[in-house]
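Report on the structure given below.
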Amino acid sequence: MRRIVWSLMSVAALALAGCNSGSDSSSPQAAPEASSSSAGQAAPAQAANTVSGTIALREGSSQPSADAKLEINLVDVSAQDSAPLASKTVAPANQFPVSFELSFNPADVNPADLYVVQANLVDGERHYAMVLQAPVLTKGAPNKVSIQLAAEQTPAEKQLAEFTALQKQIGGMKISSGSKLDKDVSRAWQVFRQGGTVRLVRMQADYGDKGFTSTDYAYQDGAPWVVVQQKKSSQDAKPNSTERAGWDKDGNLLLKQAESGGKTDALGDDEAASLKKQAQDVLNMVTNGKGK
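FYI, the numbering for the sequence shown is -17 to -1, 1 to 275, going by mature numbering (1 follows the signal peptide of the UniProt record, and there is no 0).
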């Protein structure tokens, strides 16, 4: 009886050993096949063919009108006079933020060059410039950017700001004064000179029942530069209207404003020409024709 039991146990042990041996021999052969298959499926990364982003106006910038036009270019700034890789125009551009996408040929991109997105917004005489440069594509730069635009001063606004700065400097200038009484008007003035030349004449003219004017005539290089004239019913009354005109060195009209009743409109060419003639006549009068 004991011999039979041991024989059965021996048979079972041999069967179990055979199963384990078959399992171990098959496992090492499967792993290399799976590894080889995974390596064959890897694909190379594709180069980007678009850049995108949003363009917004900086807080406090004046809103553009329906005449505004936005131009967006992808440019290689490392190469001089190179054509944009991609361009887009938005018109009218009076609703911000603006989303954009520019498509290009990846073969045209040189990894050693610097590429930027340039956005230029123009609304009549007003230009909006980028606050910061927006590099893309190369040298670790992204393919998506956020751009801010800030309104720049128009030539007229810049001239008016320079005129206001001149007004604040007259305390340090050489001052002379005079007056003249005519049949219909009484005039009194102050002349402010800097470096031996007239920079500003401040004149008050009393026309009696026809009103009163207070005018600053500013000059550059002996020529009318900016005129600001307030018209009143009397000397102590508040201004009924204010006219502003200014010219560049070539005599072109830059500043042309007519303000009345809290509303500002464009000053007419005839009115601007009249102010310029006044400025020239006043300069001749206060300098006895010498112009300085």
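Where a beta carbon is used, it is the ideal one built from N, C-alpha and C, also for glycine.
message = Helix, strand or coil for lysine 246? Go by DSSP, reduced to three states.
response = In the sequence shown, counting from the first residue as 1, residue 246 sits at position 263. Residue state, collapsed to three classes: strand.
message = Would aspartate 59 and leucine 97 qualify as a contact pair, given that the criterion is a beta-carbon distance under 9 Å?
response = The residue labelled residue 59 in the question sits at position 76 within the sequence shown. The residue labelled residue 97 in the question sits at position 114 within the sequence shown. Contact flag set, yes.
key: Rounded straight-line distance, which links the Cα of aspartate 252 to that of valine 210   = Sequence index remark: in the sequence shown, residue 210 carries index 227 (1-based). Sequence index remark: in the sequence shown, residue 252 carries index 269 (1-based). Valine 210 and aspartate 252: Cα-Cα distance of roughly 14 Å.
ask   = Which residues mark the beginning and the end of the beta strand (DSSP E) in which methionine 113 is found?
value = Position 130 of the sequence shown, counted from the start, is the residue given in the question as residue 113. Element bounds for methionine 113: 109 to 113.
ask   = Is DSSP giving lysine 232 helix, strand or coil here?
value = Taking the first residue of the sequence shown as 1, we reach residue 232 at position 249. Correct three-state label for lysine 232: coil.
request  = Quick one: grab the DSSP three-state call for methionine 186.
outcome  = Here residue 186 is taken as the residue at index 203 of the sequence shown, counted from 1. Of the three classes helix, strand and coil, the one that applies to methionine 186 here is strand, per DSSP.
task = Have a look at Val34, Arg185, Gly107 and flag the residue whose alpha-carbon is nearest the alpha-carbon of glutamate 135.
result = Along the sequence shown, one-based indexing puts residue 135 at 152. Nearest option by C-alpha distance: Gly107.
Glutamate 140 - DSSP class collapsed to helix/strand/coil = Position 157 of the sequence shown, counted from the start, is the residue given in the question as residue 140. In this structure, glutamate 140 counts as helix in the three-state DSSP scheme.
request  = Answer with buried or exposed for proline 27, where buried requires no fewer than 16 other C-beta atoms within 10 angstroms of its C-beta.
outcome  = Counted from its first residue, the sequence shown places residue 27 at position 44. Note on proline 27: pLDDT 48, under 50, position unreliable in the model; no value is reported.
request  = Inspect the beta-carbon positions of valine 128 and glutamate 84 and report whether they are closer than 9 Å.
outcome  = What you label residue 128 is simply residue 145 of the sequence shown in a count that begins at 1. What you label residue 84 is simply residue 101 of the sequence shown in a count that begins at 1. In this structure, glutamate 84 does not lie closer than 9 Å to valine 128 by Cβ.
query = Per the contact definition of three or more C-beta pairs closer than 8 Å, is the stretch 184 to 198 in contact with the stretch 240 to 254?
reply = no
query = Using the beta-carbon count (16 or more within 10 Å), is arginine 41 buried or exposed?
reply = Numbered from its first residue, the sequence shown carries residue 41 at position 58. Label assigned to arginine 41: exposed.
query = How close, in whole Å, do the beta carbons of valine 269 and valine 168 come, if the pair is a contact with beta carbons under 8 Å?
reply = Position 286 of the sequence shown, counted from the start, is the residue given in the question as residue 269. Position 185 of the sequence shown, counted from the start, is the residue given in the question as residue 168. Going by Cβ atoms, the distance from valine 269 to valine 168 rounds to 15 Å, so no, they are not a contact pair.
query = Ends of the alpha helix (DSSP H) at asparagine 93?
reply = Position 110 of the sequence shown, counted from the first residue, corresponds to residue 93. Unbroken run through asparagine 93: none, as it is neither H nor E.
query = Given aspartate 266, which residues of its chain have a CB within under 8 Å of its CB, disregarding the five upstream and five downstream residues?
reply = In the sequence shown, residue 266 corresponds to position 283, counting from 1. According to the sequence provided, residue 266 is leucine. The question's aspartate does not apply to it. Within the same chain, leucine 266 has close Cβ partners Val181, Val184, Tyr200, Tyr202, Gly205, Pro207, Gly274.
Cβ contact check for the stretch 214 to 232 and the stretch 132 to 150: 3 or more pairs under 8 Å = yes
ask   = Under 9 Å, do alanine 69 and phenylalanine 87 count as touching if we go by C-beta distance?
value = Counting from 1 along the sequence shown, the entry for residue 69 is found at position 86. Counting from 1 along the sequence shown, the entry for residue 87 is found at position 104. Cβ atoms of alanine 69 and phenylalanine 87: closer than 9 Å.
key: N- and C-terminal bounds of the beta strand (DSSP E) containing leucine 57   = Counting from 1 along the sequence shown, the entry for residue 57 is found at position 74. Note, leucine 57: beta strand (DSSP E), 52 to 59.
request  = Work out the CA separation of glutamine 212 and serine 243 for me, nearest whole Å.
outcome  = Counting from 1 along the sequence shown, the entry for residue 243 is found at position 260. Counting from 1 along the sequence shown, the entry for residue 212 is found at position 229. Cα to Cα, serine 243 sits roughly 12 Å from glutamine 212.
Backbone CA spacing between threonine 72 and alanine 39 [nearest angstrom] = The sequence position of residue 72 within the sequence shown is 89, counting from 1. The sequence position of residue 39 within the sequence shown is 56, counting from 1. Approximately 15 Å, taken between the alpha carbons.
query = Is glutamine 116 helix, strand or coil when you go by DSSP?
reply = Translated into the one-based positions of the sequence shown, residue 116 becomes position 133. Coil at glutamine 116, not helix or strand.
task = Would you identify the three-state DSSP class for aspartate 264, choosing helix, strand or coil?
result = The count along the sequence shown starts at 1 and reaches residue 264 at position 281. Note: aspartate 264 maps to helix in three-state DSSP.
inquiry  = Could you pull the DSSP bridge partners for aspartate 253 from this structure?
reply    = On the sequence shown, position 270 is the one that residue 253 refers to. Beta-bridge pairing links aspartate 253 to no other residue.
inquiry  = Between Ser44, Pro89, Pro222, Asp91, which has its C-alpha nearest leucine 104's C-alpha?
reply    = The residue given as residue 104 occupies position 121 in the sequence shown. Of the candidates Ser44, Pro89, Pro222, Asp91, the one whose C-alpha sits nearest the C-alpha of leucine 104 is Ser44.
ask   = How about alanine 95 and threonine 121: are their beta carbons less than 9 Å apart?
value = As a working mapping, residue 95 is identified with position 112 in the sequence shown. As a working mapping, residue 121 is identified with position 138 in the sequence shown. Cβ distance < 9 Å, so alanine 95 and threonine 121 count as in contact.
key: Limits of the beta strand (DSSP E) - the one that lysine 215 falls within   = By 1-based counting over the sequence shown, the position of residue 215 is 232. Taken as a continuous stretch (DSSP letters only), the beta strand (DSSP E) holding lysine 215 covers 206 to 215.
message = Whole angstroms are fine: how far does the CA of asparagine 77 sit from the CA of serine 21?
response = Against the sequence shown, residue 21 aligns to sequence position 38. Against the sequence shown, residue 77 aligns to sequence position 94. Low confidence applies here, because serine 21 scores a pLDDT of 45, under 50, leaving its location unreliable; read the following figure in that light. The straight-line gap from Cα to Cα measures roughly 53 Å.
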